[in-house]
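Residues in the sequence shown are numbered consecutively from 1, following UniProt numbering.
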Amino acid sequence: MTALTILLVLLLLLVVFGLLFRLQIFTSIFSGTFTRDIGMSNSVNAILMLVFLVFGGAWFAYSFVENFSKMNPPIASVHGHEMERMFWITMAVIGVAFAITQALLFWYSYRYQYKEGRRAYFFSHNNKIEVIWTVIPAIVMAALIFAGWKAWTRITGPAPKDSVVVELMGKQFNWLVRYPGRDMKLGVVNYRMIDAVNEFGFDLSDKAGLDDFTTNEIHVPKGVPVLIKIRSRDVLHAVYMPHFRVQMYAVPGMPTRFWFTPTMTTDEMRAKLGNPNFNYELACNQICGGSHFAMKANLVVDEPDDYQNWYAAQQSFSQKNPEVLAALKLKSKTLVSEATAPAAEAKETAPAPLAASY
């Protein structure tokens, strides 16, 4: 709170000085001494540029060190270390370039301030300088992009065959979670079958979906690859799990995917942080509406044996909601009976076909 108070006081002083200098300029214009006084204003402003550079840089450094742990939660996935390394290499390159250019910018504002009798130096062209500041940044940025592309194609490409599969569907304003049953295959979903009970849109005419189940929180085993299949039911969302360095958009009508391998159970992370109430969190970090803040879900990393026990205890969606399966069977019988009716009658009474799954 003290640091924030100091910052507010400094900002207030800068505003006051700015208003005073602006008042001085207006006064000099009306008094006819504008040419002489603007030189003084430039000198003061040039000094303030250096003051801002020093104090602004010091405040940035303090804020960065003070909040470093909040910006960088512990890593709990295999690929997370590579992501972190690339991030900080990129930040170092950009940070050095930023520091040099901004320091020169503020120094030039002081060094080349307006003075009576000084003429501007005209510097028209220099091929060597232009080649240097074009080629070097191009090579550095290409190297950074290539490294990022390699990592990105790996974690969004085919997952290992032994991966645990979890499907996430974002909707305003919560996450729906689906697991394949013992056949290890996710069944078809159909948006036309979505209702208050069947929020995921299970199409139970697909036998692969009969043993699929949904949960309120995500469970994954430690040390096993996890493939996340991602959908959106309405608007743009994002799957963001900071401790695993996972982020992927949930795009309406365009399924996406991401796979990672957890390295620390929830209990191990609680012990590491000294926080018995800690939970891994899935959050949406794309503003998706008025209750965007509510789009969160807990993710539990279990030991492999504990995960197997949890998995074995789950009931399929069709077991929990037999009325959905019964309604589907009734509809199927109706369609069959209509299909066997005379062609002309069937043509008049047949309902529109169900939408294709996506």
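Ideal placement from N, C-alpha and C gives every residue a C-beta, glycine not left out.
- Within the stretch 208-262, no run of alpha helix (DSSP H) reaches 4 residues while sitting entirely inside it.
- Shown here, residue 170 sits in a strand according to DSSP, grouped into three states.
- Cβ neighbours of residue 86 within its own chain (closer than 8 Å, five residues either side excluded): 144, 147, 148 and 151.
- Relative to residue 243, the option among 249, 256 and 272 whose CA is nearest is 272.
- Inclusion of residue 297 and residue 217 in the CB contact set at 8 Å is warranted, their separation being smaller than that value.
- The criterion of a C-beta distance shorter than 8 Å is not satisfied by residue 173 and residue 317.
- Considering only 74, 290 and 249, the residue with the shortest C-alpha distance to residue 269 is 74.
- Under the three-state reduction of DSSP, residue 70 is assigned to helix.
- DSSP, read as helix, strand or coil, puts residue 123 in coil.
- Within the stretch 296-322, the runs of beta strand (DSSP E) at least 3 residues long that lie entirely inside it are, in chain order, 296-302.
- Around the beta-carbon of residue 60, fewer than 16 other beta-carbon atoms lie within 10 Å, marking it exposed.
- In the structure shown, the three-state DSSP call for residue 178 is strand.
- When the beta-carbon positions are compared, residue 178 and residue 214 come within less than 8 Å of each other.
- In the DSSP annotation of this structure, residue 199 is not part of any beta strand (DSSP E), being labelled neither H nor E.
- Residue 77 is bridged by DSSP to 262.
- DSSP, read as helix, strand or coil, puts residue 140 in helix.
- Scanning 117, 219 and 193 for the CA closest to the CA of residue 164 turns up 219.
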